[in-house]
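Reviewing the structure listed below.
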């Protein structure tokens, strides 16, 4: 019954690990071998992140199939990651038989209770008759409005129960009617503000990627000549006029991006949620601007910042409406002002003759890999360097855990992205800390011979926390030094994945050239300068107009991480 | 909108009568740090629907968030704010009060019950149970007065149920 529903929902790929309370479903899977592909992972967290990477990169819901108890709880981090970034997942967990529920049976856990605050919706199935309806609802709720994960808990006794399968065609959920059409009066008010503005700025958020409207937004920007910045989740924009693009904003945004926010007189925020990593101190965020906020989730509007014009609706509809308007606008002075700041405060780094700079690796990868490459970054310094130095020109091409900040996300998410995009290059960029959190999924790459490309930026530390300790805790490196890291290239080779280990700056471009052209999966273990910090940085809760623009090296770090003397 | 002034607010929430709904709503309040002063649950007009009446403290911004977050719960069908002014709404709460009595206090309490139009629903030699219904202010005033004359052993309150008055709800519809 489950797989019949999957067929109707056009599910092609399933991610998971079997177990006692889902064994009947896995048995049934054998009969559907020709209709959908199943991918076995080595940890349920890996399977869930892979489904997430699949969903983010393709726009289709990711389907996860795991057992009860620990199988279910192992998906929790993956579900929370997807929830924070509004990624559509349908997670099916096995549950002990209905008669055993509540008895603390073997591998019993109340997963609907556990997952309640991290799912868009969840449901414990109580009868086989309701199953088709419940599944239809799950896919509908996961993928419409503001997307998100839905969990269905399926007791073992119902997995073998017989029932008539009648899949509902239409759904009537009384409490679920997302507003998709933006209110015409609010849209008109927004356009009026735009007409009268001298310094408008669009902030594009994750919603632009989720709603598949990057092309409409590019059109909108080019039509009216409005400059744009994006949040971490909003990468992938490509207006024809490159001058309009001002990069990322927030804690590690570019100086000029944040400058644009602080100096704009009008902010048009599209599918953003004004997270604290973007606003810094919300009272000093965009102090001179009126704010137009477009989002499909009304609860986001006015949650973190005060909004002047709220527009609840699907970006597709709202952008199409915006594009219908015609007016002469001249923001060229503003664009010139921004251009000057961009030139005087570029995003940059200094190369070193002895040490590989992590930014160099990222920037080289950005040059060597084809433009439609999907990049999965992990969390921490590596993620910020990717956001700063990799130029994403396509929507759904940058995957990372933005809201939850889940280390260990990149490798399995990259695997999921490759499964969903077999014809695109998929590049995983992780730090040494996060890479070890789901390193077991290297086996999955080899098992399915998926030509995923991996770069581990190894600075022998939990780098972002180390950076905070250097800057805000007087260089006391409490539990952040990883001076005992393994040789990741050897591990990869042992698993059956081709690998290179590099430590000299001269080797960077050559290695990346090999990586791009490899037909098989391949890993590069790059030993990078452990002293490097992510700059610019707005201290937490600070004014995004006043970031730290430099952070001197701590000379002790080399000694502590690599046992080498600094010069 | 006021960011600082906290006040009490009543929200009437229509939900699908499914297992776990109350838990979902309670969870939401806990998770977002909203404070519930009282909550009451019962069947609504339509079969399959229940009505929750929630009294919550917070500033305007928090109240707005509560309403929006409630709407995100799939089983929540409608969230209706109840007018803050007593002229525009009716509210009722019922309390059962178990009180100790002796010859001296018995008469005092009987008088109070009469003034407040309460009911005595159980009497024994040294105690009784009183039922009192009304707006919360009335229930609280009654409890205070009973406390000053006799010893209260136990109180059970239903929490508030409330509706907007006829004219207002017609205009809204």
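Chains as they are written, first to last, in my numbering: chain A, 1 to 567; chain B, 568 to 740. Just so you know, even glycine gets a beta-carbon here, dropped at the ideal spot from N, CA and C.
Worksheet item: Who are the neighbours of residue 303 of chain A on chain B, taking C-beta pairs under 7 angstroms?
Response: On the first chain, position 303 is the one that residue 303 of chain A refers to. Those within 7 angstroms of residue 303 of chain A in chain B are 632.
Worksheet entry | Test: residue 610 of chain B CB closer than 7 angstroms to a CB of chain A | In the second chain, residue 610 of chain B corresponds to position 43, counting from 1. Taking Cβ atoms only, chain A never reaches closer than 7 angstroms to residue 610 of chain B, which makes this a no.
Practice prompt. Starting from the Cα of residue 621 of chain B, find the closest Cα among B/660, B/615 and B/613 and give me that residue.
Written response: As a position in the second chain, residue 621 of chain B is number 54, starting the count at 1. Residue 621 of chain B has its Cα closest to that of B/660, out of B/660, B/615 and B/613.
Worksheet entry | Ordered list of beta strand (DSSP E) runs contained in the segment 466-541 of chain A, each at least 3 residues | If we require 3 residues or more, the beta strand (DSSP E) runs fully inside the segment 466-541 of chain A come out as 498-502 and 522-527.
Discussion item. Between residue 598 of chain B and chain A, is the shortest Cβ-Cβ distance under 7 angstroms, so that the two count as touching?
Written reply: As a working note, residue 598 of chain B is residue 31 in the second chain. It does; some Cβ of chain A falls within 7 angstroms.
Worksheet item: Can you name the start and end residues of the beta strand (DSSP E) that residue 352 of chain A belongs to?
Response: Numbered from its first residue, the first chain carries residue 352 of chain A at position 352. Here residue 352 of chain A belongs to no beta strand (DSSP E), and DSSP marks it neither H nor E.
Worksheet item: Going along chain B in order, which residues have a C-beta closer than 7 angstroms to the C-beta of residue 176 of chain A?
Response: As a working note, residue 176 of chain A is residue 176 in the first chain. Neighbours of residue 176 of chain A in chain B, taken as residues at a C-beta separation under 7 angstroms, are given in chain order as 641.
Worksheet entry | Segment contact, 8 angstroms Cβ cut-off, at least three pairs: the segment 622-635 of chain B with the segment 140-159 of chain A | no
Discussion item. Between the alpha carbons of residue 312 of chain A and residue 459 of chain A, how many angstroms are there, rounded?
Written reply: Looking up residue 312 of chain A in the first chain gives position 312. Looking up residue 459 of chain A in the first chain gives position 459. Cα to Cα, the separation comes out at about 44 angstroms.
Discussion item. Taking beta-carbon pairs under 7 angstroms, can you tell me which members of the segment 140-162 of chain A lie near chain B?
Written reply: Correct list: 141.
Worksheet item: What is the rounded straight-line gap between the Cα of residue 86 of chain A and the Cα of residue 294 of chain A?
Response: Residue 86 of chain A sits at position 86 when you count from the first residue of the first chain. Residue 294 of chain A sits at position 294 when you count from the first residue of the first chain. Residue 86 of chain A and residue 294 of chain A: Cα-Cα distance of roughly 16 angstroms.
Item to complete: Compare the C-beta of residue 299 of chain A against all C-beta atoms of chain B and say whether one is closer than 7 angstroms.
Response: Here residue 299 of chain A corresponds to residue number 299 of the first chain, with the count starting at 1. Chain B, which has a Cβ nearer than 7 angstroms to the Cβ of residue 299 of chain A, makes this yes.
Fill in: chain B contact residues for residue 287 of chain A, given Cβ-Cβ distances below 8 angstroms
To locate residue 287 of chain A, count along the first chain from 1; it is residue 287. Neighbours of residue 287 of chain A on chain B: none; closest Cβ ~17 angstroms, over 8 angstroms.
Worksheet entry | Partners in chain A for residue 644 of chain B, counting only beta-carbon separations shorter than 7 angstroms | To locate residue 644 of chain B, count along the second chain from 1; it is residue 77. 174 and 175, listed in chain order.
Worksheet entry | Within-7 angstroms CB hit, residue 310 of chain A to chain C | Of the protein chains in the structure, A and B, none is chain C.
Worksheet item: Quick one, which residues of the segment 87-117 of chain A are near chain B if we go by CB-CB under 9 angstroms, in chain order?
Response: 112, 113, 116 and 117
Discussion item. Looking at residue 469 of chain A: is its Cβ nearer than 7 angstroms to the Cβ of residue 477 of chain A?
Written reply: Taking the first residue of the first chain as position 1, residue 469 of chain A is located at position 469. Taking the first residue of the first chain as position 1, residue 477 of chain A is located at position 477. Yes.
Practice prompt. Compare the C-beta of residue 121 of chain A with all C-beta atoms of chain B and state if any pair is closer than 7 angstroms.
Written response: Residue numbering aside, residue 121 of chain A sits at position 121 when the first chain is read from its first letter. It does: the Cβ of residue 121 of chain A has a partner Cβ on chain B nearer than 7 angstroms.
Discussion item. Short of 7 angstroms in beta carbon distance, which residues of its chain neighbour residue 729 of chain B, apart from the five on each side in sequence? Order them along the chain.
Written reply: Stepping through the second chain from its first residue, residue 729 of chain B is reached at position 162. Cβ within range, chain order: 577, 579, 620, 649, 656, 657 and 658.
Worksheet entry | Which listed residue (A/197, A/97, A/61 and A/128) has its alpha carbon closest to that of residue 330 of chain A | Counted from its first residue, the first chain places residue 330 of chain A at position 330. Comparing Cα-Cα distances from residue 330 of chain A to each of A/197, A/97, A/61 and A/128, the minimum goes to A/197.
Worksheet item: When we look at the beta-carbon of residue 610 of chain B and count the other beta-carbons within 10 Å, is it buried (16 or more) or exposed?
Response: In the second chain, the residue the question calls residue 610 of chain B occupies position 43. Looking at its Cβ environment, which holds fewer than 16 other Cβ atoms inside 10 Å, residue 610 of chain B is exposed.
Worksheet item: Hey, is the segment 322-342 of chain A in contact with the segment 192-211 of chain A, meaning 3+ C-beta pairs nearer than 8 angstroms?
Response: yes
Practice prompt. Let me know the secondary structure DSSP gives residue 583 of chain B once reduced to three states.
Written response: Looking up residue 583 of chain B in the second chain gives position 16. Residue 583 of chain B: strand per DSSP, three-state reduction.
Worksheet item: With 7 angstroms set as the bound, which would you pick, yes or no: does the beta-carbon of residue 686 of chain B sit closer than that to a beta-carbon of chain A?
Response: Mapped onto the second chain, residue 686 of chain B falls at position 119. With 7 angstroms as the cut-off, residue 686 of chain B does not count as an interface residue toward chain A.
Worksheet item: Going by Cα to Cα distance, which pick from B/597, B/602, B/654 and B/590 is closest to residue 573 of chain B?
Response: Taking the second chain and counting its residues from 1, the one referred to as residue 573 of chain B is at position 6. For the residues B/597, B/602, B/654 and B/590, the minimum Cα distance to residue 573 of chain B belongs to B/602.
Worksheet item: What residues in its chain sit with their C-beta under 6 angstroms from that of residue 702 of chain B, if we drop five residues either side in the sequence?
Response: Sequence index remark: in the second chain, residue 702 of chain B carries index 135 (1-based). Excluding positions up to five away in sequence, the list reads 658.
Practice prompt. Check each candidate in A/72, A/324 and A/419 and name the one with the smallest Cα separation from residue 13 of chain A.
Written response: Sequence index remark: in the first chain, residue 13 of chain A carries index 13 (1-based). It is A/419.
Discussion item. Does the distance between the C-beta of residue 515 of chain A and the nearest non-hydrogen atom of the ligand GTP fall short of 6 angstroms?
Written reply: In the structure shown, the ligand GTP is absent, as is every other ligand, since no ligand is present at all.
Discussion item. Please identify the residue among A/208, A/164 and A/242 whose C-alpha is closest to the C-alpha of residue 230 of chain A.
Written reply: Within the first chain, residue 230 of chain A is the residue found at index 230, counting from 1. Looking at the Cα atoms, A/208 is the closest of the given residues.
Worksheet item: Which stretch, first to last residue, makes up the beta strand (DSSP E) that contains residue 667 of chain B?
Response: Position 100 of the second chain holds residue 667 of chain B. Note, residue 667 of chain B: beta strand (DSSP E), 656-667.
Worksheet entry | Chain-ordered neighbours of residue 594 of chain B on chain A, where CB pairs are closer than 9 angstroms | The residue labelled residue 594 of chain B in the question sits at position 27 within the second chain. Chain A residues near residue 594 of chain B: 113, 116 and 117.
Practice prompt. Give a yes or no on contact between the segment 46-60 of chain A and the segment 103-110 of chain A, applying the rule of three or more CB pairs nearer than 8 angstroms.
Written response: no
Worksheet item: Under a three-way DSSP split, which group does residue 731 of chain B fall into?
Response: Translated into the one-based positions of the second chain, residue 731 of chain B becomes position 164. Correct three-state label for residue 731 of chain B: strand.
Worksheet item: Between the beta-carbon of residue 176 of chain A and the beta-carbon of residue 8 of chain A, is there less than 7 angstroms?
Response: Taking the first residue of the first chain as 1, we reach residue 176 of chain A at position 176. Taking the first residue of the first chain as 1, we reach residue 8 of chain A at position 8. Not in contact: residue 176 of chain A and residue 8 of chain A (Cβ atoms no closer than 7 angstroms).
Worksheet item: Since residue 625 of chain B meets chain A, which of its residues come closer than 9 angstroms, beta carbon to beta carbon?
Response: As a first step, residue 625 of chain B is located in the second chain; it is residue number 58 there, counting from the start. Those within 9 angstroms of residue 625 of chain B in chain A number zero; the least Cβ separation is about 14 angstroms.
Worksheet item: If you scan the segment 367-404 of chain A from start to end, which runs of the alpha helix (DSSP H) of 4 or more residues do you find wholly inside it?
Response: 381-389
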